[in-house]
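Down below is the structure, laid out as structure tokens.
Protein chains: 2
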Amino acid sequence: MTHKNITSADVARMAGVSRSTVSRCFKADSRISKKTRERVIEIADQLGYQVNKIARSMITRQSDLVGLVSAGLHDPFAVVLINQLIQKLQKMGLHPILLDASNTQQLELSIKKLAQYQVRSIIITSGSPSSSIGAEFIRLNIPVILLNRAGQLDAAHLINCDNKTGSTLAAKTLLDAGHRRLAFVNSINSTYSGNSRGAFFEQALALKLASGEISLQNIPCRSSDYQGGFQAALDLFANRPPSDQSRSPTGIYCANDNVALGFMDALRHELGLRVPEDLSVIGFDDIPLAGQPAYRLTTLRQCPEAIAEATAKCIQDIPSSTSPQRITIPVKLITRHSVAPAAN
Amino acid sequence: MTHKNITSADVARMAGVSRSTVSRCFKADSRISKKTRERVIEIADQLGYQVNKIARSMITRQSDLVGLVSAGLHDPFAVVLINQLIQKLQKMGLHPILLDASNTQQLELSIKKLAQYQVRSIIITSGSPSSSIGAEFIRLNIPVILLNRAGQLDAAHLINCDNKTGSTLAAKTLLDAGHRRLAFVNSINSTYSGNSRGAFFEQALALKLASGEISLQNIPCRSSDYQGGFQAALDLFANRPPSDQSRSPTGIYCANDNVALGFMDALRHELGLRVPEDLSVIGFDDIPLAGQPAYRLTTLRQCPEAIAEATAKCIQDIPSSTSPQRITIPVKLITRHSVAPAAN
DNA sequence: ACATTTTGTGCAAACGTGTGCACAATCTAA
DNA sequence: TTAGATTGTGCACACGTTTGCACAAAATGT
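So the protein lines, in turn, are chains P and W. Sequential numbering from 1 applies to the first sequence in UniProt numbering. Sequential numbering from 1 applies to the second sequence in UniProt numbering.
Written out as structure tokens, the structure is:
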């Protein structure tokens, strides 16, 4: 027994006008006499009438729905970002439908169904759903927004944090502290952010690397999360002869905070090394945990609120924009206590 | 220029049948000859036809959309729970629309709009949106599922973890370790879970409390999160004269893991106290961080997957179920290294 | 062979809205 | 006063589906 909704016909009858008039009373730019509009809205309110979005979507071929795909909620930065996105979208009257990209096959299925809901746009935030999915949406004329992801899609809107400045700052910070043996910790499963940061880090060090002043080592981890960082630190020092200890890196730049925290915990709790006395560590993102007393991680902050804000604005601008947008969000060095002058 | 979708009329024309027939070919229980059905589906596939959910929803007054409201993504347990929910729902072909309950006023607005999308049901997971919202949905004949929340709504489906058994186990664990001065850390902003756990904890200790064998102190914190726990520990020892130190509690039960971690960090990093040597701490939830080497928190695990599974099943069963469901999910004691025998 | 049931398909109405077009009413300008 | 412009409203169709009803064809029973 479904509840009978009050429709525009009801309020039309009540107000002694046609359904068309009722409809037009809710559109700002329609030619309706002030008097009629006021009366109709009055009655509508009184009846608790609300326009049926489903019916409206059918005719306008547009909805207030937005697809939001993310590879699980494992990465803490992804979580705060999504949180901000939800709030901003909600404020704009948009409703995000969350899709999990962990299972690619599953995802492709869901994402096709999603297209049937006339979503206004789709935001792809992390992980790696095959970019063919994005292409599929482009083909259906549904705008695609890529957040911190590689842009193989020319037609997609791109919003990225400034990995170049960030990585350059990381390099400078470690160099200024006197570190000579540097390392970059990154997942072997290439992600856009990680690879990009690594490349810019190396680029910032290029001159000194060429002159032999400093060294740079790539430390691979299995996954770009806490466990990955943890294991990477273990692996790094596992089969290293004591005589070789003096050659291990002292300035560590991690692809993101989560990796950095895992790396630090392994150093401290498993390997008996101190941060920052023995090794300096820099992360990226500034996730909430990074600032807490257990870690006090020096890191590059990318502001999730700014990204969410830019995304919201991007969606708003899409109807009037002709070419896909390219937006770069600034990052900021947050100096805490995980970097100290090199001991040797 | 919107992309022209292929409709059932297209495939009907192509197959030389009527739209009705096409529609029926996709419903399992319709009387359609095997031959026709196969041919139609063949052609539909070939054309890439997909039923328009919007149009279907309009006529069936049902959609594959599900409302999922949560108070931000701050609590780590809420995050893993939501993650599981998303995956399970996605697997069932349902699409969750996420709503943020941080701003109550904003929420009421969004949630009303949501009703217009004919959501199949609404899942309320944490935080405290006024229960009138739930009532509003009940009134609209939209099923409401409350997860780990108080049930002022008789008509709502209730899924709760077993706070009673959990708190009883916590009490037993601390008592068995020889602790006499116990405490419960909970937010002053009452949440259902926190209050419930506190009440059952006290209940489990009732006999020994009455006999004066042990003592129980309530430690309030401003919020039921990391910061709250952190500050609570600071407050507890702030204006306590050294002579009084011996009377402070040694067995601490926290309303949830997040509070427990904050509490522990304050003890260790700000107050110079050791866990578990000086104080024993038990949490609730078993969030991912709790198991990591920095904490090794002994805690009561409530399995997010089990809750999500129960929720999914609940939604599935709703059409055929007559009375609202009441489901309790078991919890399990996870023994790690934050509880030790009482020193004195 | 005929009556009756079963099976398969089409017609048309409904869901609730937006919007082009027509047209009446009011207003403006000479 | 009258022709034309402007304003406000209604009619009717469209969006893409589901589904009750009608009905032809096939199958069944006697």
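Ideal Cβ placement from N, Cα and C applies to all residues, glycine included.
**Request:** Would you verify that the beta carbon of PRO319/W is, or is not, closer than 8 Å to some beta carbon of chain P?
**Result:** For PRO319/W, the answer is no, since every Cβ of chain P falls outside 8 Å of its Cβ.
**Request:** Mind reading off the beta-carbon distance from LEU158/W to ILE329/W? Whole number of angstroms is fine, and I expect it under 8 Å.
**Result:** By a beta-carbon distance limit of 8 Å, LEU158/W does not contact ILE329/W. Their separation comes to about 11 Å.
**Message:** Using 8 Å as the threshold, is the C-beta distance between THR125/P and ALA155/P below it?
**Reply:** Their beta carbons are not under 8 Å apart, which means THR125/P does not touch ALA155/P by this criterion.
**Message:** Report the CB separation of residue 345/W from SER193/W in whole angstroms; it is logged as a contact under 8 Å.
**Reply:** Any question about residue 345/W goes unanswered here, given that chain W covers just 1 to 344.
**Prompt:** Hey, is the region 104-116 of chain P in contact with the region 65-83 of chain P, meaning 3+ C-beta pairs nearer than 8 Å?
**Reply:** Because the criterion of three Cβ pairs below 8 Å is met, the region 104-116 of chain P and the region 65-83 of chain P touch.
**Residue environment, ASP257/P, which counts as buried when at least 16 other CB atoms sit within 10 Å** = Label assigned to ASP257/P: buried.
**Residue closest to THR299/W, alpha-carbon to alpha-carbon, out of ASN189/W, ARG139/W, VAL281/W, ARG120/W** = Taking only the C-alpha atoms, the option nearest THR299/W is VAL281/W.
**Asked** Taking contact to mean at least 3 C-beta pairs separated by less than 8 Å, is the region 24-35 of chain P in contact with the region 96-105 of chain P?
**Response** Between the region 24-35 of chain P and the region 96-105 of chain P, the count of Cβ pairs shorter than 8 Å is below three; the stretches do not touch.
**Item:** is_contact[GLY251/W, chain P] using C-beta, thresh 8 Å
**Value:** No, GLY251/W does not count as interfacial toward chain P.
**Message:** For the region 261-269 of chain W against the region 131-148 of chain W, do three or more pairs of beta-carbon atoms, one drawn from each stretch, fall closer than 8 Å, so that the two count as touching?
**Reply:** When Cβ pairs closer than 8 Å are counted between the two stretches, the region 261-269 of chain W is seen not to touch the region 131-148 of chain W, the count staying below three.
**Request:** Please work out which residues of its chain come closer than 8 Å, Cβ to Cβ, to LEU209/W, disregarding the five sequence neighbours upstream and downstream, and give them in chain order.
**Result:** Hits under 8 Å: GLU202, SER215, LEU216.
**chain W contacts made by the region 115-139 of chain P, where a contact means CB separation under 7 Å** = Residues of the region 115-139 of chain P that bring their beta carbon within less than 7 Å of a beta carbon in chain W comprise GLN116, TYR117, GLN118, in sequence order.
**Item:** Option in ARG19/P, ILE54/P, LEU207/P, CYS303/P with minimal Cα separation from THR36/P
**Value:** Selected option, being the one with the closest Cα: ARG19/P.
**Prompt:** What are the start and end residues of each continuous beta strand (DSSP E) run of 3 or more residues lying completely inside the region 80-129 of chain W, in chain order?
**Reply:** With a minimum length of 3 residues, the continuous beta strand (DSSP E) runs that stay inside the region 80-129 of chain W are 95-100, 121-124.
**Simplified DSSP assignment, three categories, for ASP176/P** = ASP176/P falls in the helix class under three-state DSSP.
**Prompt:** Does DSSP classify PRO220/W as helix, strand or coil?
**Reply:** Strand at PRO220/W.
**Request:** Using only alpha-carbon positions, find the residue among GLN231/P, GLN152/P, THR168/P that is nearest to LEU207/P.
**Result:** The option with the nearest alpha carbon to LEU207/P is THR168/P.
**Item:** Buried or exposed (CB count within 10 angstroms, at least 16 for buried), ASP75/W
**Value:** Buried, since its Cβ has 16 or more Cβ neighbours within 10 Å.
**Request:** Tell me whether ILE59/P is buried or exposed, calling it buried when 16 or more other Cβ atoms sit within 10 Å of its Cβ.
**Result:** With fewer than 16 Cβ atoms within 10 Å of its Cβ, ILE59/P is classed as exposed.
**Prompt:** In angstroms, rounded to a whole number, what distance separates the CA positions of ARG336/W and THR250/P?
**Reply:** Rounded to whole angstroms, ARG336/W to THR250/P spans 33 Å at the Cα level.
**Message:** Can you confirm whether LYS113/P, when its beta carbon is compared against all beta carbons of chain W, has any partner nearer than 8 Å?
**Reply:** Yes, its Cβ sits closer than 8 Å to a Cβ of chain W.
**Request:** Using a Cβ-Cβ cut-off of 8 Å, state whether ALA294/W counts as contacting chain P.
**Result:** By this cut-off, ALA294/W is an interface position.
**Request:** Would you kindly work out how many angstroms separate the C-alpha atoms of GLU309/P and LEU85/P, rounded to a whole number?
**Result:** Whole-angstrom Cα-Cα distance: 8 Å.
**Meets three-Cβ-pair contact criterion under 8 Å: the region 173-180 of chain P and the region 228-236 of chain P** = Touching, no, given that fewer than three Cβ pairs across the two stretches are closer than 8 Å.
**Item:** Residues that ALA308/P bridges to, as DSSP identifies them
**Value:** Answer by DSSP bridge pairing: none, since ALA308/P is not bridged.
**Request:** For GLU270/P, go through chain W and note every residue whose CB falls closer than 8 Å to its CB, in chain order.
**Result:** Chain W residues near GLU270/P: PRO293.
**Request:** Please say whether ILE54/W and ILE54/P have beta carbons closer to each other than 8 Å?
**Result:** In this structure, ILE54/W lies closer than 8 Å to ILE54/P by Cβ.
**Asked** Would ASN148/W count as contacting chain P if we go by Cβ distances under 8 Å?
**Response** Any Cβ of chain P closer than 8 Å to the Cβ of ASN148/W would place that residue at the interface, and such an atom is absent.
**Message:** Counting C-beta neighbours from all protein chains within 10 Å, is the total for ASP225/W 16 or more, i.e. buried, or is it exposed?
**Reply:** A residue is called buried once 16 or more other Cβ atoms fall within 10 Å of its Cβ, and ASP225/W is buried on that count.
**Request:** Have a look at VAL40/P, ARG222/P, ALA150/P, ALA71/P and flag the residue whose alpha-carbon is nearest the alpha-carbon of ARG197/P.
**Result:** Distances from the alpha-carbon of ARG197/P to those of VAL40/P, ARG222/P, ALA150/P, ALA71/P put ALA150/P closest.
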